[in-house]
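This report concerns only the one structure given below.
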Amino acid sequence: MLKNWLTYRYYNVKPSKVELSTRSNGPNSIYVSYQKKGYYFTPPTMIQLKNKQGSSQKEQSNGQPSLELLIQKIQKLADPLSITSKEILLAYNHNYNAQARTFEDTTIGGLEGMITSLQLIHEAKNIRPGNEKQLSRWLSTLIPGDITSFREWLLHDHTEAIHQLIEQLKKQQSA
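What the sequence shown shows, in full-length UniProt numbering, is residues 1 to 175, in sequence order.
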């Protein structure tokens, strides 16, 4: 949680990644206090605007893949799991406390997080080919609540449990 001492506004940027700097890095920088020190950062909304402006390029100048390439990768991973774009956006909104209606409303980092979650689902499926219900039942034993579909696997709250499930499946496979 970052706090702007001039306006007394709080910025909850978790889990978005922002760079804190002791110097202003442009007109969109905001001065905040973090761990009793003063820093500047660019709000996630301004980062989204930068991502939109650079999305026509195949790869951005900082080496990150473009929004278009990330969307294609998400679709390629989601289609075999019968997860729709709408469901991806709902999970994104939950994970990043956002209100994205289209992929263009998202951030590069957020989409990379969704790709990681989709890759984890595929990894679990490849280790233990089974139906979605069985894998979800196993995952449900590791977390409070009841997981019933791969859509629910996309939530960040479940990432650690998915890693545990994958490790358990690998151990069972090697035994």
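C-beta: ideal position from N, C-alpha, C; glycine also.
Discussion item. Under DSSP, the alpha helix (DSSP H) around S149 begins and ends at which residues?
Written reply: As a first step, residue 149 is located in the sequence shown; it is residue number 149 there, counting from the start. No alpha helix (DSSP H) holds S149; DSSP gives it neither H nor E.
Item to complete: Report the rounded CA-to-CA distance for L89 versus R101, giving the unit in angstroms.
Response: The residue you call residue 89 lines up with position 89 of the sequence shown. The residue you call residue 101 lines up with position 101 of the sequence shown. L89 and R101: Cα-Cα distance of roughly 7 angstroms.
Worksheet item: Which residues mark the beginning and the end of the alpha helix (DSSP H) in which A98 is found?
Response: Within the sequence shown, the letter at position 98 stands for residue 98. It is not in any alpha helix (DSSP H) - A98 carries neither H nor E in the DSSP assignment.
Fill in: Neighbourhood of L154 by C-beta, 6 angstroms cutoff - its chain only, sequence neighbours within 5 removed
Position 154 of the sequence shown, counted from the start, is the residue given in the question as residue 154. So the qualifying residues of the chain are A91, S117.
Worksheet item: With distances taken from CA atoms, which of A175, Q72, P80, L69 is nearest I121?
Response: As a first step, residue 121 must be located in the sequence shown, where it is residue number 121. Comparing Cα positions, the closest option is P80.
Worksheet item: What's the gap between the Cα of K50 and the Cα of I108?
Response: For the purposes of this step, residue 50 is taken as residue 50 along the sequence shown, with counting starting at 1. For the purposes of this step, residue 108 is taken as residue 108 along the sequence shown, with counting starting at 1. Residue placement at K50 is flagged as unreliable, the pLDDT there being 48, under the threshold of 50; a coordinate-derived value is accordingly withheld.
Worksheet entry | Per-residue burial, I47 [other beta carbons within 10 Å of its own, 16 or more giving buried] | By 1-based counting over the sequence shown, the position of residue 47 is 47. Residue placement at I47 is poorly supported in this model, since its pLDDT is 46, which falls under 50; the coordinates are not used for a value here.
Worksheet item: Considering only residues of the same chain and omitting the five flanking positions on each side of E87, which have a CB-CB separation below 7 angstroms?
Response: On the sequence shown, residue 87 is found 87 positions in, with the first residue counted as 1. Same-chain partners within the cutoff: R151.
Worksheet entry | Under 8 angstroms between C-beta atoms of A161 and I143 | As a working note, residue 161 is residue 161 in the sequence shown. As a working note, residue 143 is residue 143 in the sequence shown. Cβ atoms of A161 and I143: closer than 8 angstroms.
Discussion item. Please report whether the beta-carbon of I88 lies at a distance below 8 angstroms from any beta-carbon of chain C.
Written reply: Included in the structure is just one protein chain, with no chain C present.
Discussion item. Tell me which residue opens and which closes the alpha helix (DSSP H) that S136 is part of.
Written reply: The residue labelled residue 136 in the question sits at position 136 within the sequence shown. Residues 132-140.
Discussion item. Can you tell me whether A78 is buried or exposed? The criterion is at least 16 other CB atoms within 10 Å of its CB, across all chains shown.
Written reply: In the sequence shown, the residue the question calls residue 78 occupies position 78. Buried is the call here.
Item to complete: Identify the continuous alpha helix (DSSP H) that holds I83 and give its terminal residues.
Response: For the purposes of this step, residue 83 is taken as the residue at position 83 of the sequence shown. Careful: I83 lies outside any alpha helix (DSSP H) and carries neither H nor E.
Item to complete: Please name the residue in I127, K133, M114 whose C-alpha comes closest to that of L70.
Response: Here residue 70 corresponds to residue number 70 of the sequence shown, with the count starting at 1. Among I127, K133, M114, the Cα nearest to that of L70 belongs to M114.
Worksheet item: Thinking just about the alpha-carbon of each residue, which of Q119, P129, I127, H163 is nearest to the one in L139?
Response: Taking the first residue of the sequence shown as 1, we reach residue 139 at position 139. Answer by Cα proximity: H163.
Worksheet entry | Sequence-distant residues of the same chain with beta carbon closer than 6 angstroms to Q75, five excluded per side | Working through the sequence shown from its first residue, we reach residue 75 at position 75. If you ignore the 5 residues before and after Q75, its C-beta comes within less than 6 angstroms of no other C-beta in its own chain.
Item to complete: Please report how far the alpha carbon of K170 lies from the alpha carbon of I127, in whole angstroms.
Response: Position 170 of the sequence shown, counted from the start, is the residue given in the question as residue 170. Position 127 of the sequence shown, counted from the start, is the residue given in the question as residue 127. One C-alpha to the other measures close to 7 angstroms.
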